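Beneath this line is the structure, given in structure tokens, with notes to follow.
2 protein chains.
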Amino acid sequence: MEKDELSDIISDESRIAFEPLEPRFLSDSLGRLKGRADALVLPVSTKEVSQILRYAWEHEIPVTPRGAGTNLVGSTVPMEGGIILDLSRMNRILSLDKDTLTAEVEPGVFLKDFQAYVEGEGFFYPPDPGEKESTLGGNISTNAGGMRAVKYGVTRDYVRGLELVLADGTVLTVGSRNVKDASGLSLKNLIIGSEGTLAVITRCILKLLPKPETSLSVLVPFGSLLVGIRNVLSILKANVNPTAVEFVERKVISLGEEFLGIQYPRPDAASYILLTFDGREEEVEASANRAKELVMAQRALDYIVLRDKELSDGIWKVRGALVKAVEAVSQQEPVDIVVPIDKSSEFIDYVNQLEQEKNMQMICFGHAGDGNIHLCLVRGERDEETWNRELKENMRLVYEKAFKLGGLTSGEHGIGLSKRPYFLSGTSSENLEVMNRIKEALDPKGILNYGKSYITGGKEHAETV
Amino acid sequence: MEKDELSDIISDESRIAFEPLEPRFLSDSLGRLKGRADALVLPVSTKEVSQILRYAWEHEIPVTPRGAGTNLVGSTVPMEGGIILDLSRMNRILSLDKDTLTAEVEPGVFLKDFQAYVEGEGFFYPPDPGEKESTLGGNISTNAGGMRAVKYGVTRDYVRGLELVLADGTVLTVGSRNVKDASGLSLKNLIIGSEGTLAVITRCILKLLPKPETSLSVLVPFGSLLVGIRNVLSILKANVNPTAVEFVERKVISLGEEFLGIQYPRPDAASYILLTFDGREEEVEASANRAKELVMAQRALDYIVLRDKELSDGIWKVRGALVKAVEAVSQQEPVDIVVPIDKSSEFIDYVNQLEQEKNMQMICFGHAGDGNIHLCLVRGERDEETWNRELKENMRLVYEKAFKLGGLTSGEHGIGLSKRPYFLSGTSSENLEVMNRIKEALDPKGILNYGKSYITGGKEHAETV
Numbered sequence: 001m002e003k004d005e006l007s008d009i010i011s012d013e014s015r016i017a018f019e020p021l022e023p024r025f026l027s028d029s030l031g032r033l034k035g036r037a038d039a040l041v042l043p044v045s046t047k048e049v050s051q052i053l054r055y056a057w058e059h060e061i062p063v064t065p066r067g068a069g070t071n072l073v074g075s076t077v078p079m080e081g082g083i084i085l086d087l088s089r090m091n092r093i094l095s096l097d098k099d100t101l102t103a104e105v106e107p108g109v110f111l112k113d114f115q116a117y118v119e120g121e122g123f124f125y126p127p128d129p130g131e132k133e134s135t136l137g138g139n140i141s142t143n144a145g146g147m148r149a150v151k152y153g154v155t156r157d158y159v160r161g162l163e164l165v166l167a168d169g170t171v172l173t174v175g176s177r178n179v180k181d182a183s184g185l186s187l188k189n190l191i192i193g194s195e196g197t198l199a200v201i202t203r204c205i206l207k208l209l210p211k212p213e214t215s216l217s218v219l220v221p222f223g224s225l226l227v228g229i230r231n232v233l234s235i236l237k238a239n240v241n242p243t244a245v246e247f248v249e250r251k252v253i254s255l256g257e258e259f260l261g262i263q264y265p266r267p268d269a270a271s272y273i274l275l276t277f278d279g280r281e282e283e284v285e286a287s288a289n290r291a292k293e294l295v296m297a298q299r300a301l302d303y304i305v306l307r308d309k310e311l312s313d314g315i316w317k318v319r320g321a322l323v324k325a326v327e328a329v330s331q332q333e334p335v336d337i338v339v340p341i342d343k344s345s346e347f348i349d350y351v352n353q354l355e356q357e358k359n360m361q362m363i364c365f366g367h368a369g370d371g372n373i374h375l376c377l378v379r380g381e382r383d384e385e386t387w388n389r390e391l392k393e394n395m396r397l398v399y400e401k402a403f404k405l406g407g408l409t410s411g412e413h414g415i416g417l418s419k420r421p422y423f424l425s426g427t428s429s430e431n432l433e434v435m436n437r438i439k440e441a442l443d444p445k446g447i448l449n450y451g452k453s454y455i456t457g458g459k460e461h462a463e464t465v
Numbered sequence: 001m002e003k004d005e006l007s008d009i010i011s012d013e014s015r016i017a018f019e020p021l022e023p024r025f026l027s028d029s030l031g032r033l034k035g036r037a038d039a040l041v042l043p044v045s046t047k048e049v050s051q052i053l054r055y056a057w058e059h060e061i062p063v064t065p066r067g068a069g070t071n072l073v074g075s076t077v078p079m080e081g082g083i084i085l086d087l088s089r090m091n092r093i094l095s096l097d098k099d100t101l102t103a104e105v106e107p108g109v110f111l112k113d114f115q116a117y118v119e120g121e122g123f124f125y126p127p128d129p130g131e132k133e134s135t136l137g138g139n140i141s142t143n144a145g146g147m148r149a150v151k152y153g154v155t156r157d158y159v160r161g162l163e164l165v166l167a168d169g170t171v172l173t174v175g176s177r178n179v180k181d182a183s184g185l186s187l188k189n190l191i192i193g194s195e196g197t198l199a200v201i202t203r204c205i206l207k208l209l210p211k212p213e214t215s216l217s218v219l220v221p222f223g224s225l226l227v228g229i230r231n232v233l234s235i236l237k238a239n240v241n242p243t244a245v246e247f248v249e250r251k252v253i254s255l256g257e258e259f260l261g262i263q264y265p266r267p268d269a270a271s272y273i274l275l276t277f278d279g280r281e282e283e284v285e286a287s288a289n290r291a292k293e294l295v296m297a298q299r300a301l302d303y304i305v306l307r308d309k310e311l312s313d314g315i316w317k318v319r320g321a322l323v324k325a326v327e328a329v330s331q332q333e334p335v336d337i338v339v340p341i342d343k344s345s346e347f348i349d350y351v352n353q354l355e356q357e358k359n360m361q362m363i364c365f366g367h368a369g370d371g372n373i374h375l376c377l378v379r380g381e382r383d384e385e386t387w388n389r390e391l392k393e394n395m396r397l398v399y400e401k402a403f404k405l406g407g408l409t410s411g412e413h414g415i416g417l418s419k420r421p422y423f424l425s426g427t428s429s430e431n432l433e434v435m436n437r438i439k440e441a442l443d444p445k446g447i448l449n450y451g452k453s454y455i456t457g458g459k460e461h462a463e464t465v
């Protein structure tokens, strides 16, 4: 690679660096996978992104795009040297169009900053993944979900348009400010969730909603998880339109309680369902009342309406801190399997059995309303070699079970490197072939995030199961 | 083409025919474009579809897939001879899964039959394009929209999974019963709206909602369309979550009134906004009341709550019959342009001016809540040659205006043949190239619906502007 040519494009020395690079740019949020790269560039315009990609294209240099690097699956680990293309300096909120309920942003804007900005203007951006210091471009690249997906859907549902740069430097715009679109292939939808393998996102038009006037959370303790999950299925059919439907087992909550020093009510429960309703005041009250009648008739132990803001915040804080609470105690491997919603309890039962059988702590919690289960496999006191061997074996078993139940490798984290072996083993060769033909069609030299997710073929780097 | 080989696959004589074919199989709903084909087959299984495609693939025979043929843009017109693959006999509703709120169907099921079936079971399938005798496979292929899109979204939002057959006969499944998916490229979303150019849909898993408990419509007359559209923008920001927000001008309604013998109230109005709210009783009432306060403060002439079922049905019947009312009087060309919602009134103003200037009747109505405008250019007494010339010129002008406003060729009808010249002229060469590279990747022999929509390149059939 010619340092001079790259420096001609990015002339500002504070936005370009060469080997050796800071380790944080060579990994993801967990920091366990480490790649290598020759250069790091931080473009500030679409033009710079296009010029860098054109240069990389001409010289067949691998490019690894990244935002804040908060992903959990190694999507941002550069595997082949080359250039790290860090979009975090392209972080301007460009416009808010109150008539079309859309905003235009650069990809490096933090989710938390965008949410705060639009809410300050009376609007609402529903996608709400746990990590708020992730970038919007990263959210789009993994089709991030989060707690509000039950009512509002996922990131895909809030992307109206994208400006993209293809592997060869070509700039194009897909989608638009329009609400409906039946005009040709939906390139926008192909790019969403493609983890930087097909194009680099340089601008986003996002859909907003009017800000809900109020919201109310309810904690529902149950004597068993199975009863809790059955209640979730009833709630989803009951025209009460909950925003969030989370589940968590008592044994898991204890970890979060210790971590934060906040107590959940009804410690005698085996599991909790945590509900939120939002909308207009009277609507929220009516929904919460109807849900109460429903669950109290179906063996809920209690129905604790969290009107006290401090209590409500504390309850959600514990739920939100579970991964960090686990990570504080021991290394862990996060899994975000998704199964059809009626299969959640069967999957969790299986994990609980496996936990006993294999003597490895397994923490389950997550989005009961959409079957998206966060599972942490915990290392505990295992030495490196034992941990690697047992983790691999147990991961294989949980994914096998999920696939048997009709589930998928990832609901919202993406595949990246670390979930790739499981994704490849759980996806038909026909599907993988079509995905790879599309990769080949858009990036025939294979420079963009090669070796990640679905990409198979000549350049094989990640291990397979 | 070897008749015997095709007859070996489709042995039932009632499900195969050879040239000359009934004219209805060679066209679309309008019947003005006519193609030609050597054979018509009506498969009843995925296996048969796969065998037919494998045969066509080996012999490089063009294949034109179709459902009920109700499209308005010539998507089902066979341009190159070959085989018409009619999916209408694959019309079984296979299962309804009440726990995951999904149904599995074959692609030939009529929308109206599916809606009736799921509503009978207490569920709701929101996509609601005007033509209820369209097939679900056809709806998916054009990403059909309809009146309820404001609140509920379009067909894309209700497709969980698809079984597909690729051009070479390969069968694959994309998507699943799972709610969330961040696992590899979203092939499902690439296929939705692709108008039969990438694959043939043989099975669909559709998402359902609980059936809304009640609904209520309101007719709001205004002194001008501009004021009406401004009110629509306010309503969309007001947390009243309307299901449908339609607009229609008084001069247009008169046609429907004559056609059906039903009168709209307040004939002194220049335009009407027609609203629907659905949900729980108290929710619907609260939304309707709040919307009333809002529009009465913003120059609505009246706020007519349509509690009388007969009146409400009549009002909607007139709205639904507008295209047929126009078509009954004269030949017309339907356009379903979409523009950003705040640009609707500017677009309609332009059309009204053009109507005067060019002395050609132009009927505008449609989905005010999503900027999707149905426009009929009416032939009147013009002779064939004059009509063709003037239609072409005026179509060019209205599309140019729409593109200038940031609009798109089609919101829900698709591109097919008849909107292709406008789509090609309004889409950047970069986007077209990427679409065509994907076509080439999935169907390198170009046998599936060649010459339709975005497809350019070697085999050019449709005229361009």
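Chains A and B, in that order, are what the protein sequence lines are.
Reminder that position 198 of the first sequence reads as 198 in UniProt numbering, one-by-one numbering, no gaps.
Reminder that position 222 of the second sequence reads as 222 in UniProt numbering, one-by-one numbering, no gaps.
The beta-carbon is built from N, C-alpha and C at its ideal position, and this holds for glycine as well.
On a predicted model such as this, the values are computed, not experimentally measured, just so you know.
Separation of residue j from residue i, as counted between CA atoms
| i | j | result |
| --- | --- | --- |
| A:T76 | A:L397 | 26 Å |
| B:A103 | B:L206 | 5 Å |
| B:I273 | B:L219 | 6 Å |
| A:T46 | B:L185 | 24 Å |
| A:L42 | A:D168 | 18 Å |
| A:I415 | A:I348 | 21 Å |
| B:R290 | B:V240 | 7 Å |
| B:R15 | B:F25 | 13 Å |
| B:I191 | B:G137 | 11 Å |
| B:M90 | B:R66 | 12 Å |
| B:R389 | B:A149 | 35 Å |
Unbroken alpha helix (DSSP H) run spanning residue i, endpoints
| i | result |
| --- | --- |
| B:D313 | K309 to G320 |
| B:A291 | E281 to M296 |
| B:I349 | In the sequence as displayed, the identity of residue 349 of chain B is Asp instead of Ile. Here the alpha helix (DSSP H) through B:D349 covers S344 to K358. |
| A:E385 | E384 to K404 |
Beta carbon proximity, residue i to chain B, threshold 8 Å
| i | result |
| --- | --- |
| A:D443 | no |
| A:M435 | yes |
| A:R280 | yes |
Residue i - containing beta strand (DSSP E), residue span
| i | result |
| --- | --- |
| B:F222 | T214 to F222 |
| A:L26 | That residue, A:L26, is in no beta strand (DSSP E); it is neither H nor E in DSSP. |
| A:P334 | Q332 to V338 |
| A:V41 | A39 to V41 |
| A:D97 | I93 to D97 |
Neighbour flag for residue i against chain A, beta carbons, 8 Å
| i | result |
| --- | --- |
| B:A462 | Interpretation of B:A462 is limited by its pLDDT of 39, a score under 50 that renders its predicted location unreliable; the figure taken from the coordinates is listed afterwards. Judged by the 8 Å Cβ criterion, B:A462 is not in contact with chain A. |
| B:V295 | no |
| B:Y454 | yes |
| B:K459 | Because B:K459 carries a pLDDT of 48, less than 50, the predicted location of this residue cannot be relied on, and no value is offered for it. |
| B:H59 | no |
Sequence-distant residues of its chain with Cβ nearer than 6 Å to residue i (five each side left out)
| i | result |
| --- | --- |
| A:G193 | N143 |
| A:N231 | V295 and Q298 |
| A:E213 | R280 |
| B:G31 | none |
Contacting residues, own chain, Cβ-Cβ under 8 Å from residue i (five flanking each side not counted)
| i | result |
| --- | --- |
| B:K3 | F18 and A39 |
| A:L432 | L424, Y454 and T456 |
Close beta carbons around residue i, own chain, < 7 Å, minus the five adjacent residues each side
| i | result |
| --- | --- |
| B:L208 | L101, T102, A103, V118, F123, F124 and Y125 |
| A:E384 | none |
| B:Y158 | Y125, P126, P127, L206 and K207 |
Exercise. Looking at C-beta atoms only, is the number of pairs between the stretch 103–112 of chain B and the stretch 130–141 of chain B that lie closer than 8 Å three or more?
Worked result: Touching, per the Cβ criterion.
For this session: Check whether the stretch 390–410 of chain A touches the stretch 340–347 of chain A, taking contact to mean three or more Cβ pairs, one atom from each stretch, closer than 8 Å.
Result: Cβ pair count under 8 Å is three or more, so yes.
Exercise. Can you find at least 3 beta carbon pairs, one from the stretch 239–249 of chain A and one from the stretch 304–313 of chain A, that sit closer than 8 Å?
Worked result: Judged by Cβ distances under 8 Å, the stretch 239–249 of chain A makes no contact with the stretch 304–313 of chain A, as fewer than three pairs qualify.
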